Amino acid sequence: MTTSDSTPAGAVLVAIDIAKVRNEVLIEDPSHKRRRRLQVLNNRAEHDHLVEVLQTYGRPVVCGFEATGNYHRPIAWRLAEAGFEVRLVSSLALARTREALHNSWDKNDPKDAQVILHML
């Protein structure tokens, strides 16, 4: 049986749609109405920049993403190393939630990041 992890109150939520070259990042800070969008390349310098951005919030950070081949491993490792909570989202759950929210199977990176954020 799986455990139910609750999201800490006031946490910054980060949804990352993983790709081979460029990841789509969507950040939701509970103290702001608008979400922040970033594109992060799959290299150490870009991952470090994302960590710096997330550390400026000064709140607990929960990062969620779908496992995609091996492309998610470096960014997941870097975020966990920085002390952020890292969660993998089931591919099947993501597909079903996308279908329910958007009434279509249409898949694109910004939309996937929104669905992952919804699932956190």
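So the sequence shown is numbered by the numbering used here: it starts at 881 and just counts up by one.
Note that CB positions come from ideal geometry on N, CA and C, so glycine has one too.
Just so it is clear, the structure is predicted and the values come from calculations on it, not from any experiment.
Out of 933, 915, 979, the CA that lies nearest to the CA of residue 959 is found in 933.
By the neighbour-count definition (other C-beta atoms within 10 Å, threshold 16), residue 903 is a buried residue. Sequence-distant Cβ neighbours of residue 978 in its own chain, meaning closer than 6 Å and more than five residues away, are 995.
Residue pairing for residue 919: DSSP places it in a beta bridge opposite 904. Boundaries of the beta strand (DSSP E) harbouring residue 896: 892-897, taken from the DSSP string. Using a 10 angstroms sphere on the CB of residue 944, the tally of other CB atoms reaches 16 or more, which defines it as buried.
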